[in-house]
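Novice: Let me begin by handing over the structure; questions about it come next.
Chains as they are written, first to last, in this note's numbering: chain A, 1 to 139; chain B, 1001 to 1139; chain C, 2001 to 2139.
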C-alpha cells in the first residue's frame, strides 16, 4: 500500500492571516487524504494558549483591512481559525505539536494550552517528521 | 529525458523585500532551467492588484532603509519587482497563481488583477505542485 | 555509506525570534548528524554585520514581551543567537552563506561581516543546495 502524502508546517506566527494560511493548507491537505503535522513555535505557540486564538488579529501594518476582511468572512460564513482547528481535530490525519523550547522561554505551562494539542515536543521531532514529508513550510 | 527541477513558492507577503526574494529566487531558478511556480496569497495576492506592486515598500520596521536601498537599486539599474515579473513571463517555465480563497476574503475580482496572472486556483492545486517540486518555500 | 541528511534555511529575518528559530533548528539538525546550510539574505544578512546580531530585538508588535522573555532566557542560561552561531561553527556540518545580491543592494562589504561567514554566494548556489536537502524553510 502506498504511503500517505505528508504536509509539515512550522507555525511561527500568531496573526490571523498566517493562522488562516496554516489551517487552509492543513484542511486542504487532509481533504486530499494527506497527513498534516503542525508544529507551533513562538507567536504560533502563544496562539495555542487558551483564549488567545480567538483574539488574533491582523499585523499592525494591515490593521485597516481587518474590518472589511471580517465583514467578508462573516458574509461567507467562513470558520474562524479556532473553528478550523477544531474541525481538523476530527481527522486522525491532523496533529498539533507545541514547541517545548518556546514554552520554557515564555514560561508557558501545559495546562495553559488548549486541549487540542497532541504532543509537546522539541525541534528534533519536527525535523524527523519534516524530512519524511512531501511539503514543508515555515509560516 | 530527465524531468525539469521545480521551485514552488507561496508568496504571502506584499512588501518589497519579500517580493524581491520571490522574484530573485524565481529568476535564478528559470535561468537554471527549472520551472518556477508562484502561488500568491493574502498580501502577496493584494500585490497582484493592478497598480499595487509599483507601490510596495519596506515593512514599517525598516522604512528608514527604504531611501538608501532605493538609491542603490537605481545606481545598479536593478529592475523593480514588477519589471522582474514581466521579464519572467517571457519564459514558459514561470507560472503565477492567484489564491481564490484570498480573493473571496478581500472581495478581489479577476479583472482587478494584473494580466500576467496565469490561473486562479485554490490550495489543492498548489499542494499538488509543491509535492512534485524540489524546493518549496513560504515567503 | 549513506549520505547525511540536510537542512537548508533561507534566513530573511533579523529579529531575535526568527534568529532563534534558525539557530535552534540548525543546532538540532547538527546534533542529529545532519548538515545545516543557512543562507542569510535581507534583514538576516544585515544581522551578520559585525555587532548587529547582539542588538537584535523582537519585532515591534511583540516588544512588550522582550523583557519577560529575556528574563527567562537569563534564568535558563540560554545562549544568545550569536553564541549559538559561534558554537555551531565548531561543527563542520554547519555553513553560513551571505547573499551577494543583498550585499549590493545595501552597500554591505565583505569586511563589514562577522568572520564566521563561510561564503558569499548568490541564489543559484542556495537553490542547488536546497534541491539536494531533506528540509528547506524560509525564515
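Backbone N, C-alpha and C fix where the C-beta goes; we use that ideal spot for every residue, glycine too. It should be emphasised that the depicted structure is a prediction, and the values quoted were computed from it without experimental measurement.
Mind checking if residue 2107 of chain C is an interface residue toward chain B, Cβ cutoff 8 Å exclusive?
Specialist: The residue you call residue 2107 of chain C lines up with position 107 of the third chain. With 8 Å as the cut-off, residue 2107 of chain C counts as an interface residue toward chain B.
Novice: CB residue 94 of chain A to CB residue 36 of chain A, shorter than 8 Å?
Specialist: As a working note, residue 94 of chain A is residue 94 in the first chain. As a working note, residue 36 of chain A is residue 36 in the first chain. Yes, they are a contact pair.
Novice: May I ask you to list the residues that DSSP assigns as paired with residue 1137 of chain B?
Specialist: In the second chain, the residue the question calls residue 1137 of chain B occupies position 137. Residue 1137 of chain B pairs with B/1009.
Novice: Can you tell me the Cα-Cα spacing of residue 1096 of chain B and residue 1009 of chain B, whole angstroms?
Specialist: Locating residue 1096 of chain B in the second chain gives position 96, where the first residue counts as 1. Locating residue 1009 of chain B in the second chain gives position 9, where the first residue counts as 1. Spanning the two alpha carbons is a distance of roughly 10 Å.
Novice: Let me know the secondary structure DSSP gives residue 2121 of chain C once reduced to three states.
Specialist: As a working note, residue 2121 of chain C is residue 121 in the third chain. Three-state DSSP puts residue 2121 of chain C in a strand.
Novice: Evaluate residue 124 of chain A with the Cβ neighbour count: other Cβ atoms within 10 Å of its Cβ, from every protein chain shown; 16 or more gives buried, anything less gives exposed.
Specialist: Reading the first chain from its first residue, position 124 is the one you call residue 124 of chain A. Its Cβ having fewer than 16 others within 10 Å, residue 124 of chain A is exposed.
Novice: Is it the case that the Cβ atoms of residue 2117 of chain C and residue 2092 of chain C are separated by a distance below 8 Å?
Specialist: Along the third chain, one-based indexing puts residue 2117 of chain C at 117. Along the third chain, one-based indexing puts residue 2092 of chain C at 92. The answer is no: Cβ separation not under 8 Å.
Novice: Check each candidate in C/2039, C/2018, C/2016 and C/2103 and name the one with the smallest Cα separation from residue 2180 of chain C.
Specialist: Residue 2180 of chain C is absent from the structure shown; chain C starts at 2001 and stops at 2139.
Novice: Report the neighbours of residue 1100 of chain B on chain A: residues whose CB is nearer than 7 Å to its CB, in chain order.
Specialist: As a position in the second chain, residue 1100 of chain B is number 100, starting the count at 1. Result: empty, since nearest Cβ-Cβ is about 11 Å, beyond 7 Å.
Novice: Could you tell me whether any Cβ in chain C is nearer than 8 Å to the Cβ of residue 10 of chain A?
Specialist: By one-based count along the first chain, residue 10 of chain A stands at place 10. Interface residue, yes.
Novice: How is residue 2114 of chain C classed by DSSP in three states: helix, strand or coil?
Specialist: Walking along the third chain from the start, residue 2114 of chain C turns up at place 114. The answer is coil: DSSP assigns residue 2114 of chain C none of H, G, I, E or B.
Novice: Pull up the distance between the alpha-carbon of residue 2074 of chain C and that of residue 106 of chain A, whole angstroms please.
Specialist: Numbered from 1 along the third chain, position 74 holds the residue referred to as residue 2074 of chain C. Numbered from 1 along the first chain, position 106 holds the residue referred to as residue 106 of chain A. Rounded to the nearest angstrom, the two C-alpha atoms are 12 Å apart.
Novice: Can you check which of these residues, B/1048, B/1108 and B/1003, is closest to residue 1019 of chain B by C-alpha distance?
Specialist: Against the second chain, residue 1019 of chain B aligns to sequence position 19. Ranking the options by Cα distance to residue 1019 of chain B, first place goes to B/1048.
Novice: In whole angstroms, what is the alpha-carbon distance linking residue 1083 of chain B and residue 1114 of chain B?
Specialist: Counted from its first residue, the second chain places residue 1083 of chain B at position 83. Counted from its first residue, the second chain places residue 1114 of chain B at position 114. If I take the Cα positions, the gap works out to 13 Å.
Novice: Compile a chain-ordered list of the residues in the region 57-71 of chain A whose CB is closer than 8 Å to at least one CB of chain B.
Specialist: From the region 57-71 of chain A, only 60, 61, 62, 65, 68 and 69 have a Cβ closer than 8 Å to chain B.
Novice: Output, in sequence order along the chain, the residues in the region 120-135 of chain A whose CB is closer than 7 Å to any CB in chain B.
Specialist: Result list: 134 and 135.
Novice: What residue range is occupied by the uninterrupted beta strand (DSSP E) comprising residue 2065 of chain C?
Specialist: To locate residue 2065 of chain C, count along the third chain from 1; it is residue 65. Here residue 2065 of chain C belongs to no beta strand (DSSP E), and DSSP marks it neither H nor E.
Novice: Residues of chain A with a CB under 8 Å from the CB of residue 2005 of chain C: which are they?
Specialist: Position 5 of the third chain holds residue 2005 of chain C. Residues of chain A passing the Cβ test: 131.
Novice: Please compile the residues from chain C whose C-beta is within a distance smaller than 8 Å of the C-beta of residue 28 of chain A.
Specialist: Numbered from its first residue, the first chain carries residue 28 of chain A at position 28. Ordered by position in chain C, no residue passes the 8 Å Cβ test against residue 28 of chain A, which lies about 20 Å from the chain.
Novice: Output the distance between the C-alpha atoms of residue 15 of chain A and residue 79 of chain A, rounded to the nearest integer angstrom.
Specialist: On the first chain, residue 15 of chain A is found 15 positions in, with the first residue counted as 1. On the first chain, residue 79 of chain A is found 79 positions in, with the first residue counted as 1. Rounded to whole angstroms, residue 15 of chain A to residue 79 of chain A spans 16 Å at the Cα level.
Novice: Looking at chain C, is there any beta carbon in it that lies within less than 8 Å of the beta carbon of residue 1118 of chain B?
Specialist: Start at 1 with the first residue of the second chain, and residue 1118 of chain B comes out as number 118. Cβ-Cβ to chain C under 8 Å: no for residue 1118 of chain B.
Novice: Could you give the distance in angstroms between the alpha-carbon of residue 55 of chain A and the alpha-carbon of residue 1031 of chain B?
Specialist: Counting from 1 along the first chain, the entry for residue 55 of chain A is found at position 55. Counting from 1 along the second chain, the entry for residue 1031 of chain B is found at position 31. Taking the straight line joining both Cα atoms gives about 44 Å.
Novice: Just the chain C side, please: which residues come within less than 7 Å of residue 40 of chain A by C-beta, in chain order?
Specialist: Taking the first chain and counting its residues from 1, the one referred to as residue 40 of chain A is at position 40. By Cβ distance, chain C contributes nothing, its closest Cβ being about 12 Å from residue 40 of chain A, past 7 Å.
Novice: Less than 8 Å separating the beta-carbons of residue 2167 of chain C and residue 1137 of chain B?
Specialist: As shown, chain C starts at 2001 and ends at 2139. That puts residue 2167 of chain C outside it, with no answer to give.
Novice: Check the Cβ of residue 1043 of chain B against every Cβ in chain D and list those closer than 8 Å, keeping chain order.
Specialist: Chain labels in this structure do not include chain D; the protein chains are A, B and C.
Novice: If residue 1044 of chain B and residue 1011 of chain B are in contact, beta carbons under 8 Å, what's the gap, nearest whole angstrom?
Specialist: Sequence index remark: in the second chain, residue 1044 of chain B carries index 44 (1-based). Sequence index remark: in the second chain, residue 1011 of chain B carries index 11 (1-based). So it is a contact: roughly 4 Å between Cβ atoms.
Novice: Output the distance between the C-alpha atoms of residue 1086 of chain B and residue 1111 of chain B, rounded to the nearest integer angstrom.
Specialist: For the purposes of this step, residue 1086 of chain B is taken as the residue at position 86 of the second chain. For the purposes of this step, residue 1111 of chain B is taken as the residue at position 111 of the second chain. Computed Cα separation, rounded: 18 Å.
Novice: Tell me the DSSP bridge mates of residue 2097 of chain C?
Specialist: One-based indexing of the third chain puts residue 2097 of chain C at position 97. BP columns for residue 2097 of chain C point to C/2039 and C/2119.
Novice: What residues in the region 1081-1101 of chain B bring their beta carbon closer than 7 Å to a beta carbon of chain C?
Specialist: If the cut-off is 7 Å between Cβ atoms, the region 1081-1101 of chain B has nothing near chain C.
Novice: Going by alpha carbons, who is nearest to residue 2005 of chain C out of C/2028, C/2023 and C/2090?
Specialist: The residue given as residue 2005 of chain C occupies position 5 in the third chain. The option with the nearest alpha carbon to residue 2005 of chain C is C/2028.
Novice: Please list, in chain order, all residues of the same chain as residue 2088 of chain C whose beta carbon is under 8 Å from its beta carbon, the five residues on each side excluded.
Specialist: Within the third chain, numbered from 1, the residue matching residue 2088 of chain C stands at position 88. Excluding residues within five positions, the ones whose Cβ falls inside 8 Å are 2023, 2026, 2027, 2030, 2036 and 2094.
Novice: Measure from the C-beta of residue 1104 of chain B to each C-beta in chain A and report whether the shortest distance is under 8 Å.
Specialist: Residue numbering aside, residue 1104 of chain B sits at position 104 when the second chain is read from its first letter. Answer yes: the Cβ-Cβ gap between residue 1104 of chain B and chain A drops below 8 Å somewhere.
Novice: Hey, residue 149 of chain A and residue 1104 of chain B are a contact pair by Cβ (cut 8 Å); roughly how many whole angstroms apart?
Specialist: This structure gives no information on residue 149 of chain A, because the portion of chain A shown stretches from 1 to 139.
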